[in-house]
Every structure is written in structure tokens, then in C-alpha cells.
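One structure below.
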Amino acid sequence: MSARRPALFVPAMLLNVFIAAGTFLITKTTLREFPPLVLALVRFVLATALMWPLARLRSPRRRLDRADRGRILLLGVLAIPLNQGLFLYGMRWASATHAALLYALTPTFIILIAAAAGTRPTWRQLLGVALAFAGVFTLLLQRGLHFDPHSLRGDLLILAAVVAWALYLYFGRGPTRRYGPLLATSESLIAGTLVFLPIGLVAAWGFDFRAVSLAGWSGVFYLAWLTSGINYLIFFWGIEHVGPAAVAVWSNLQPPATAVLAWTWFREALPPGFLLSAALVLTGVWIAQRAEPRPPDGPGTAGGAESHRR
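Laid out in C-alpha cells, this is it:
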């Protein structure tokens, strides 16, 4: 890691936040033209076509050890069929602002997963987790009180997607250390895409790709190459130079950035009580992060390794 922060670090992190925040809005608009499973198929075939050759160019002779192949397959299933399937279905009903806030819970779920695996959390981590989930409970309670079952269903699906993403990040720490983030993520990306391929092809049977507008295709390429490509490279470039803790702090800017973009683009008004929910979630996440730096996250980066894989 470099001792000095690069001059382009702040502009690069701002671009990272902007691309990640835009992912939620682009997903909602693109889902108007693509069914969720078809969108997942096209997005990750295109993302694989970009990321896997990049990884091979950088590490042409590096191959996965036989003992790690099962772990990479597990990561691929967690990241694409589970995380992306749940995320894309959830985004049919969830607001972009709610989805961004729920993804901010990723580090708290990682703490809970680590605790279930035997790592004892600190009292500060427990306090952060409690505050973050109080914010989520407040958010979901508002949906129920407003008798909005579709939006509540969307929020719950997004919440399940966040759990899958946290599991991916937790179990991906070992392969990432051994192979580096680019190779580990590209291998899990291709594994998940191959597992998902039969499902996606069945879903795409009879779909008229010619009917998709230029805006729809632009959304697909945004998700595949900006969210799952450029944003991934920015994220890990930052980690390489300043470390994961400093980069992770920037992830907390995604929910407010998404809220501003959603209001500007969709005129998506913030529901009563949203600011209280956001304050509880982000404060809880900040406290938990201060207790122990979390692994990198990212709706979609081959993940974030997408802030991603949203």
C-alpha cells in the first residue's frame, strides 16, 4: 500500500459513489424493458466478457488450486443466482432510495455471520448492529403502516439479497487474499454466470431483444461495464493505495447520493420517517466500522467487488 494518498483518490471515490448510486436508478429503468432473469443473464454475460479477460491478462499463468474450486463455485452462486436474482426481483417494487439504504447494512450482516462462525463481536459492534437494524425495522414498519404490500415485498427481497452479498464477501476473503481481488472475483463471476446460464436461457426464450430501446441497452451496458467493471477497478485501486477501511467509509455516501439522484430523476419523494431510518442505519454502520474495518463491498460489482454485485 502506498504511504501517500494518490492525488486522484477523492475524485475517483466520488466517481465510485456516483456510479454505485446510479446503479439503483438504472436498474429500475432497465427493468421496464427486461424481465429480471433476462436482465441478469445479459448483464453478467457481458460483465464476464470484460472482467475475465482482464484478469487473465494481469495473471496469465495463475490458476485456481483444486481445493479452492468449490469455494469459488459457492461464491458464484451467492453472487449471481441468489444476490442478483433477489436484487433484480426486489427492484421491481422497492424504491431506489430504500434499496441503497438496505445495502448499507452489508457490514452489519458480515459481523453477524462472523459471530455465527465463532468470532465474538465487540460491544461497539453489537451497538452498531442494533442501531442499524432498528433503522431497518423503522423502514419496514413504515411500509406496513402505509399498507403498501408490493413495496414491502420489494424491501424484503432486497434485504435477502444483502444477506447473500454479505455471505459472498465473508466467504470470499480467503480466495481474495490468495489470488487477489481481480482474479478471485472474475473466477466467481464466470462460475456464477455458468450456473445461472440454463435459468437465464429458459427465461430469455421467446423474449424479443429487437424490441429493446437504445435506453434499455444503455442501461444493460451501464450495469455490466460501469457497475461491474469500471467501478470494480476504482474500488480496488483505492484499496491498494489507502486500504479497505478508508475506502469503506465512502460507501456510506451511497444512500444519500441515491436519494438525491432518485429525487432528481424520478421525483421519488422521501417517505415520512425515512431520515430517521437513514440516520439509525448509517450511524450503526459507522459505529460497527469504527470497531473493526469491514471487507470491501459493492448492487451490483462483478461486484464490488460492485459496491457491487448489485
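Counting from 20, one number per residue, gives the positions in the sequence shown under this note's numbering.
For each residue, glycine too, the CB sits at the ideal point set by N, CA and C.
- Query: Taking Cβ to Cβ, would you say residue 122 is nearer than 7 angstroms to residue 55?
  - Reply: At least 7 angstroms separates the beta-carbon of residue 122 from that of residue 55.
- Message: As a quick exercise: from 111, 43, 66, pick the residue whose alpha carbon is nearest that of residue 176.
- Response: By alpha-carbon distance to residue 176, the top candidate from 111, 43, 66 is 111.
- Message: Let's test the definition: count the other Cβ atoms within 10 Å of the Cβ of residue 266 and tell me whether it reaches 16, buried, or not, exposed.
- Response: Residue 266 is buried by the Cβ-count criterion.
- Task: Could you pull out every residue in the same chain whose Cβ sits closer than 8 angstroms to the Cβ of residue 170, ignoring the five residues on either side in sequence?
- Result: Only 112, 113, 114, 117, 162 meet the Cβ criterion.
- Item | Given 8 angstroms, three or more beta-carbon pairs between the region 129-141 and the region 188-198 | Because the criterion of three Cβ pairs below 8 angstroms is met, the region 129-141 and the region 188-198 touch.
- Query: Near residue 232, what residues of its chain come up, given a Cβ to Cβ distance below 8 angstroms and the 5 sequence neighbours on each side ignored?
  - Reply: Excluding positions up to five away in sequence, the list reads 52.
- Alpha-carbon spacing of residue 296 relative to residue 33, whole angstroms: Distance between the alpha carbons of residue 296 and residue 33 is about 24 angstroms.
- Item | Pairwise C-alpha distance: residue 159 and residue 292 | Residue 292 and residue 159: Cα-Cα distance of roughly 11 angstroms.
- Rank 45, 28, 29 by C-alpha distance to the C-alpha of residue 244 and give the top, closest one. The option with the nearest alpha carbon to residue 244 is 45.
- Message: Can you tell me whether residue 72 sits near the ligand ADP, meaning its C-beta is under 6 angstroms from at least one heavy atom of the ligand?
- Response: What this structure holds is no ligand at all, so the ligand ADP is not there to describe.
- Message: Quick check: the Cα distance between residue 326 and residue 306, rounded to an integer number of angstroms?
- Response: Residue placement at residue 326 cannot be trusted, given a pLDDT of 43 that sits under 50; what the coordinates show is reported in the next sentence. Across the structure, residue 326 and residue 306 are spaced so that their CA atoms are roughly 20 angstroms apart.
- Helix, strand or coil at residue 53 [DSSP, three-state]: Looking at residue 53 - three-state DSSP - the assignment turns out to be coil, as it is neither helix nor strand.
- Task: Whole angstroms is fine: what's the gap from residue 202's alpha carbon to residue 74's?
- Result: Roughly 5 angstroms separates the two Cα atoms.
- Helix, strand or coil at residue 110 [DSSP, three-state]: Of the three classes helix, strand and coil, the one that applies to residue 110 here is coil, per DSSP.
- Message: Nearest by alpha-carbon distance to residue 89: which of 286, 222, 104, 210 is it?
- Response: Residue nearest to residue 89 within the set 286, 222, 104, 210 is 210 (criterion: CA-CA distance).
- Pick out whichever of 181, 79, 157, 217 has its Cα sitting closest to the Cα of residue 299. Of 181, 79, 157, 217, the residue nearest in Cα terms is 157.
- Determine the DSSP secondary structure at residue 259, reduced to helix, strand or coil. Residue 259 falls in the helix class under three-state DSSP.
- Output the distance between the C-alpha atoms of residue 60 and residue 219, rounded to the nearest integer angstrom. Just so you know, the alpha carbons of residue 60 and residue 219 end up roughly 5 angstroms apart.
- Item | Stretch-stretch touch, CB-based, cutoff 8 angstroms, three pairs: the region 26-41 with the region 269-283 | Taking 8 angstroms as the limit for Cβ pairs, the verdict is that the region 269-283 does touch the region 26-41.
- Measure the alpha-carbon distance for residue 152 versus residue 58 and round it to whole angstroms. Taking the CA atoms as reference points, residue 152 sits about 30 angstroms from residue 58.
- Excluding the five sequence neighbours on either side, which residues of its own chain have a C-beta within less than 8 angstroms of the C-beta of residue 183, listed in chain order? Spatial neighbours of residue 183 in its own chain (CB-CB distance under 8 angstroms, excluding positions within 5 residues in sequence) are listed in chain order as 97, 98, 101, 102, 105.
- Look at the alpha carbon of residue 217 and the alpha carbon of residue 224, and state the distance between them as a whole number of angstroms. So the alpha carbons of these two residues sit roughly 11 angstroms apart.
- Message: For residue 194 and residue 294, I'd like the C-alpha separation in whole angstroms.
- Response: Cα to Cα, the separation comes out at about 38 angstroms.
- Message: Would residue 126 and residue 304 qualify as a contact pair, given that the criterion is a beta-carbon distance under 7 angstroms?
- Response: It is a contact, given that the beta carbons lie within the stated cut-off.
- Message: Mapping the DSSP letters down to three states, classify residue 83 as helix, strand or coil.
- Response: If DSSP states are grouped into helix, strand and coil, residue 83 belongs with coil.
- Message: Rounded to the nearest angstrom, what separates residue 62 and residue 29 at their Cα positions?
- Response: Looking at the two C-alpha atoms, the distance is approximately 28 angstroms.
- Message: Measuring only the C-alpha atoms, how far is residue 81 from residue 248?
- Response: When rounded, the distance between both Cα atoms is 21 angstroms.
- For residue 67 versus residue 252, is the C-beta distance shorter than 7 angstroms? Not closer than 7 angstroms, so no.
- Message: My output table needs one value for residue 224: the three-state DSSP class, helix, strand or coil.
- Response: In the structure shown, residue 224 sits in coil (DSSP, three-state: anything other than H, G, I, E or B).
- Query: Taking buried to mean at least 16 other C-beta atoms within 10 Å of its own C-beta, is residue 79 buried or exposed?
  - Reply: Exposed, since its Cβ has fewer than 16 Cβ neighbours within 10 Å.
- Task: Compute the distance between the beta-carbons of residue 94 and residue 274, then report whether it is under 7 angstroms.
- Result: Taking 7 angstroms as the Cβ cut-off, residue 94 and residue 274 do not qualify as a contacting pair.
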